[in-house]
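If you're matching positions, the sequence shown starts at 1 in UniProt numbering and goes up one per residue. Backbone N, C-alpha and C define an ideal beta-carbon position, used for all residues, glycine too. Since this is a predicted model, take the numbers as computed values, not measurements. Since the structure comes first, as structure tokens, the remarks are kept for the end.
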Amino acid sequence: MNIYKDVISGDEMFSNTFKLSISGLFYEVEGKTVTRTEGFDDALIGANASAEEMTDGNDSSTISGVDIVLNHSLQRVEFTKKSFMAYIKGYVKAIKTHLEKENPDRVEAFKAEAPDAIKKIVANFSNYEFFTGESLDSEGLVGLLDYREDGITPFMLFFKDGLIEEKCPVVMQSDAIRGRGGPGGLISTYTALFCWSASTALYRFILCARAEKHMSNTTCRSALTIFPSDFFFLSCSN
């Protein structure tokens, strides 16, 4: 899996698990509107919790939104045309400086293409919702959210020159661990997926556990639905 990060803030903006295409100066990233349950039910991994533990541990809530936004904790920001033009002027200057250092051969093409790209944004300004990275860096990349002609399918536009692509190494492990007793208390195997971002030194950990002979593959797979769609999981089958 590859992660695309803002070269200014370092924030993750999207990954290549989404449908990607290039449109002029932009990456076009197609997503979908989703509803997710947050919180994890211990019953999904076969634990036999007491009534009190179940009350404390099984709290959950639902959240709806565009999966690109939810998966990467993008933050909505508001612009008027005037404030957007002030922002984009500084942003284009920052990306030009970045390219001069990192990719000098790209500078002239970027300078030539940027004015038309900005005109198109302004011409369709009312169509867009604006999202920046998790840190809310006011100088960072802003993604533009719009919808296809069907009015249902969301897609986002990101300046491609304002992004760096990083490979996200995946490590898979299996081991034996014990639960809290009772039916399904013995968890025979687990699969752990670690996604490491070198620039932020943050580890992401996702655990899928299957209780031996007491948890169906269907139940195991249902446990995965609480996690973002931009992670790869192994099969829950025996």
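Straight-line CA distance for residue i to residue j?
i: Ile10; j: Glu149; result: Here residue 10 turns out to be Gly, not Ile, going by the sequence shown. So the alpha carbons of these two residues sit roughly 32 Å apart.
i: Glu100; j: Pro154; result: 33 Å
i: Ser61; j: Leu70; result: 14 Å
i: Lys119; j: Glu166; result: 30 Å
i: Met13; j: Tyr27; result: 11 Å
i: Ser138; j: Ile22; result: 25 Å
i: Thr97; j: Phe110; result: 11 Å
i: Ile95; j: Phe79; result: 20 Å
i: Lys93; j: Ile63; result: 37 Å
i: Ile88; j: Ser126; result: 16 Å
i: Asn103; j: Ile152; result: 37 Å
i: Phe18; j: Gly90; result: 29 Å
i: Phe84; j: Pro115; result: 14 Å
i: Leu20; j: Lys82; result: 30 Å
i: Lys32; j: Ala86; result: 31 Å
Kindly list the residues whose CB is nearer than 6 Å to the CB of residue i, restricted to its own chain and excluding five residues on each side of it in sequence; keep chain order.
i: Val34; result: Asp67
i: Thr132; result: Gln75, Val77, Gly140 and Val142
i: Tyr147; result: Pro154
i: Ala51; result: Any reading at Ala51 must be qualified, since the residue scores a pLDDT of 46, below 50, and its modelled position is unreliable; the value itself is stated next. Cβ neighbours of Ala51 beyond the five flanking positions: none.
Which class does residue i belong to by DSSP, given the choice of helix, strand or coil?
i: Glu134; result: coil
i: Lys111; result: helix
i: Asn2; result: strand
i: Lys19; result: strand
i: residue 257; result: For the chain, the structure presents residues 1 to 238; residue 257 sits outside this window and is missing.
i: Gly31; result: coil
i: Val7; result: coil
i: Leu157; result: strand
i: Thr62; result: strand
i: Leu141; result: coil
i: Glu165; result: strand
i: Thr97; result: helix
i: Glu102; result: helix
i: Phe84; result: helix
i: Phe125; result: helix
i: Ala43; result: Note on Ala43: pLDDT 48, under 50, position unreliable in the model; the coordinate value appears next. The answer is helix: DSSP assigns Ala43 an H, G or I state.
i: Tyr190; result: In this prediction, Tyr190 has a pLDDT of 35, which is less than 50 and means its spatial position is unreliable; nothing more can be read from the coordinates.
i: Glu78; result: coil
Only counting the same chain, and skipping five residues up and downstream in sequence, which positions put a Cβ closer than 7 Å to that of residue i?
i: Leu144; result: Ile121, Tyr128, Phe130, Met156 and Leu157
Just to confirm before moving on: does the CB-CB distance between residue i and residue j stay below 9 Å?
i: Asp6; j: Leu136; result: no
i: Glu134; j: Ser73; result: yes
i: Leu25; j: Glu108; result: no
i: Phe159; j: Ala123; result: no
Keeping to the same chain, check which residues put their C-beta closer than 8 Å to that of residue i; ignore five residues upstream and five downstream.
i: Arg106; result: Leu99 and Asp161
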